[in-house]
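> Protein chains in written order, with this note's numbering: chain A, 1 to 278; chain B, 279 to 556.
Before anything else, here's the structure in question.
Put into C-alpha cells, the structure is as follows:
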C-alpha cells in the first residue's frame, strides 16, 4: 500500500493510497478519511462509499462534504474507485461500460472477466486491506450513489451479516430492467438473464430472508429517475416482502453531488445509530 | 442574463448564469446560491467569493460545502469566474497568467487591457447585476482563496465602505514580492512597480485610513506558504499600522479545498456577525 496524498480535513486526515489488487489484477487507488484519533488504540467503525458512473475515489471525497459529520461522529470513510484501471484493462467508448463503470459485479464474460471482479474487491479484498492497515473495528456500513447505490444495496442484501446498515442516493434499483443495467449486465454477465438477478436490488430484496436497516434518498428532479433508477420497483418489492425500507423523495433535487451534500449528514447519522450502538 | 443550470441544494437554490460583460467585453459565467426564501420581499446579504488560479465559478460551489451555512444563516453566495473568457481573449500557456488567472486587477498593458478588467468587474459591474436581479440588499462581504484571497483583501481595502467585512484563505498577501504576483503584475500592469502597489494587500493595509473586520486562515502545510503567500508580511504591516487582523495558522492543513471546507463555517459565521448586525 502506497500513500499518494495526505492532508488535514476537519481535524482528521484525508488520504489517497494505491495498492496492488490480486482480485482485479491491477493497481487500484482508494481514498480514506480518518477522524482525529481521540484515544490510543481506538477503533472506528467504517462507512464504505460506492460512487457512480464516471467517478473515481475523488468525487465523493471532494464534493460531498462528508468529512465534517464523519469527524463529529467518529467514523472512517473508505471510498474505492468504480472499476479496475490500467492500460491493459478492457474498456468501452461509452461512459456506462468499462472503466469508471464496473457496476460492482464479478464479470463472467470476455474481455471483462480478467479484471472486472468489483464485487469480490468491495466485499472481500478491500475490507481485509482496510482492517489490516487502519484503526477500524468490524462494524461496517455501506452507502453509495446511482451505480454505487445499486452496488451498496446489492452488496448489503447479499451480505446482511457484514453490514449494520445500508443507504443509497438515487440508486439504480432495478438494473435488469433499465438501459444502463441491461447494457452493463449483458456485457459483464452474458445473455443469461437469470444470472443478472444476483445483482438486482429489487429481486434480491424480494427474496431476502434477513433484514437490515435501509435508507434511500431520491431527488424528484433527477433526470434519470424514470428511465434508469426506478425506485418504485424497489418500493413495491419491499412492500410485498414486508421489508421496511425508508425511501424519501425530495422535491427540487437532481442527480448531482449537490443532492448528496444536502443529505449526507442524515445518511451518516442514520448509519451511526447502528454502527455506534452498544 | 441567461440561466445555465439550477438545482436544489440545502433547501436553497444553486444556479449558474451567463451574461454579457461590458467591462470585460466578453460573455461571463457566475454561480449563485440563494437560501430558501423565508418571507416574500426578504432581501439577503451577499458574500462574494473570489477563487484562485485555474478555477472557474464551479470549484467553490462544488467543493467548499458553503451552502449549508449560507442556507442556515440566510446569506446569498456569489461566485464569479477568475478571468475573462472566450476565444478572442488573450491567454498565456502558464496556469498563472491569462485565462483562469485574472488577479482581480485592471490591466493597462497589451494584449491584456481589452478584456482583463477584473477589478472593475468585481467591484462595479457584477454587484450591479446581482443587486438588480436577485433578492439581495446592500450588505456585502467578500472572501476568497489564494489569488482570490489577494483579490478579496485588496478590493476590500480599496473599498472599505462597500463591505462589512473581509476574509481570506491562504491569500497571496504581498504579490509585488512573490513570483506569481511579479509575473502577473509585470504582464498586466507593466514595468512601473509603483503601479503594482495599488493591488498589494500588504501595501494597501499599511496605508489604510479606514478599518474593516478582517479574518485570514492559513494552513501550515501549504506548499505555497513561504514563496508565494507571505502572510508574515501582512501580519507585520498590520502590527505596524495598528490594523486589527485575525490571522489563524492551522497545523496540518494544505492549500486545497479540504482546508476551505474545514473552515468555511467559521468564515461565514464571521461575516454573518457583521452582515446581519442591526
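Beta carbons: idealized from backbone N, C-alpha and C, even for Gly.
These figures come from a predicted structure and were not determined experimentally.
For the segment 38–65 of chain A, which residues have a CB atom closer than 9 Å to at least one CB atom of chain B, in sequence order?
Hits within the stretch, in order: 61, 62, 63, 64, 65.
> Locate the beta strand (DSSP E) running through residue 292 (chain B), then write down its first and last residues.
Here the beta strand (DSSP E) through residue 292 (chain B) covers 290–299.
> From what residue to what residue does the alpha helix (DSSP H) around residue 139 (chain A) run?
From DSSP, residue 139 (chain A) is part of no alpha helix (DSSP H) but of the beta strand (DSSP E) over 136–145.
> Candidates A:196, A:62, A:131, A:278: which alpha carbon is nearest residue 7 (chain A)'s?
Out of A:196, A:62, A:131, A:278, A:62 has the C-alpha closest to the C-alpha of residue 7 (chain A).
> Assign residue 442 (chain B) to one of three DSSP states: helix, strand, or coil.
Three-state DSSP puts residue 442 (chain B) in coil, outside helix and strand.
> If you draw a straight line from the C-alpha of residue 13 (chain A) to the C-alpha of residue 448 (chain B), how long is it?
Cα to Cα, the separation comes out at about 19 Å.
> Starting from residue 48 (chain A), trace the beta strand (DSSP E) both ways and give me its first and last residue.
Taken as a continuous stretch (DSSP letters only), the beta strand (DSSP E) holding residue 48 (chain A) covers 44–50.
> Which residues, in chain order, does the segment 283–307 of chain B contribute to contact with chain A at a C-beta distance below 7 Å?
Under the 7 Å Cβ criterion, the segment 283–307 of chain B contributes 285, 286, 287, 288, 292.
> Note the first and the last residue of the continuous alpha helix (DSSP H) segment covering residue 7 (chain A).
No alpha helix (DSSP H) contains residue 7 (chain A), which is instead part of the beta strand (DSSP E) from 2–9.
> Between A:178, A:125, A:215, which has its C-alpha nearest residue 200 (chain A)'s C-alpha?
Considering only alpha carbons, the answer is A:178.
> Secondary structure at residue 106 (chain A), three-state DSSP: helix, strand or coil?
Three-state DSSP puts residue 106 (chain A) in a strand.
> What does residue 252 (chain A) reach in chain B if we use C-beta pairs closer than 7 Å?
Simply 286.
> Out of A:70, A:16, A:17, which one is the CA nearest neighbour of residue 275 (chain A)?
Of A:70, A:16, A:17, the residue nearest in Cα terms is A:70.
> Can you find a C-beta in chain A that's less than 8 Å from the C-beta of residue 539 (chain B)?
For residue 539 (chain B), the answer is yes, since a Cβ of chain A falls inside 8 Å of its Cβ.
> Beta-carbon within less than 8 Å of residue 373 (chain B)'s beta-carbon, same chain only, minus the 5 sequence neighbours each way: which residues are those?
Only 331, 332, 379 meet the Cβ criterion.
> Beta-carbon separation of residue 204 (chain A) and residue 164 (chain A) under 8 Å?
Their beta carbons are not under 8 Å apart, which means residue 204 (chain A) does not touch residue 164 (chain A) by this criterion.
> Less than 7 Å between C-beta atoms, sequence neighbours within five positions excluded: which residues of the same chain meet that for residue 97 (chain A)?
Answer for residue 97 (chain A): 183, 184, 187, listed in chain order.
> Per DSSP, what kind of secondary structure is residue 248 (chain A) in: helix, strand or coil?
Of the three classes helix, strand and coil, the one that applies to residue 248 (chain A) here is strand, per DSSP.
> According to DSSP, is residue 211 (chain A) part of a helix, a strand, or is it coil?
Three-state result, residue 211 (chain A): coil.
> Mind listing the chain B neighbours of residue 206 (chain A)? Cutoff is C-beta to C-beta under 8 Å, in chain order.
Per Cβ cutoff of 8 Å: no residues; residue 206 (chain A) is ~32 Å from chain B at best.
> With 8 Å as the limit, tell me which residues of the segment 345–378 of chain B have their beta carbon closer than that to any beta carbon of chain A; keep them in chain order.
Per Cβ criterion, the list reads 345, 346.
> Cα-Cα, which of B:296, B:405, B:406, B:288 is closest to residue 351 (chain B)?
Per the Cα distances, B:288.
> Which residues mark the beginning and the end of the beta strand (DSSP E) in which residue 358 (chain B) is found?
Looking at the DSSP string, the run of the beta strand (DSSP E) that includes residue 358 (chain B) is 354–358.
> Is there at least one Cβ from chain B nearer than 8 Å to residue 146 (chain A)'s Cβ?
Residue 146 (chain A) does not count as touching chain B.
> Which one or two residues does DSSP pair with residue 306 (chain B) in a beta bridge?
BP columns for residue 306 (chain B) point to B:297.
> Opposite residue 395 (chain B) in the DSSP bridges: which residues?
The partner list for residue 395 (chain B) (beta bridge, DSSP) reads B:384.
> Can you give the Cα-Cα distance for residue 120 (chain A) and residue 249 (chain A), rounded to whole angstroms?
Computed Cα separation, rounded: 31 Å.
> Tell me which residues share the same chain as residue 543 (chain B) and place their Cβ nearer than 6 Å to its Cβ, disregarding the 5 neighbours each side in the sequence.
Taken in chain order, the residues that qualify are 347.
> From B:490, B:400, B:453, B:491, pick the residue whose C-alpha is nearest to that of residue 473 (chain B); which is it?
Checked all of B:490, B:400, B:453, B:491; the closest Cα to residue 473 (chain B) is B:453.
> Would residue 31 (chain A) count as contacting chain B if we go by Cβ distances under 8 Å?
Chain B, which has no Cβ nearer than 8 Å to the Cβ of residue 31 (chain A), makes this no.
> Return the chain-ordered list of same chain residues with a C-beta closer than 7 Å to the C-beta of residue 181 (chain A), the five sequence neighbours on each side being excluded.
Cβ within range, chain order: 172, 175.
> Looking at the structure shown, is residue 315 (chain B) part of a helix, part of a strand, or coil, going by DSSP?
Here residue 315 (chain B) sits in coil by DSSP.
> Decide if residue 532 (chain B) is buried, meaning its Cβ has at least 16 other Cβ atoms within 10 Å, or exposed.
Flag for residue 532 (chain B) reads buried.
> Can you find the residues in the same chain that come closer than 6 Å, C-beta to C-beta, to residue 46 (chain A), ignoring five residues on each side of it along the sequence?
So the list reads 76, 78, 136, 140, once near-sequence residues are dropped.
> Which residue from B:326, B:511, B:468 puts its Cα closest to that of residue 422 (chain B)?
That would be B:326, whose Cα lies nearest to the Cα of residue 422 (chain B).
> Quick one, which of A:60, A:198, A:20, A:51 has its alpha-carbon nearest residue 33 (chain A)'s?
The shortest C-alpha separation from residue 33 (chain A) is found at A:60.
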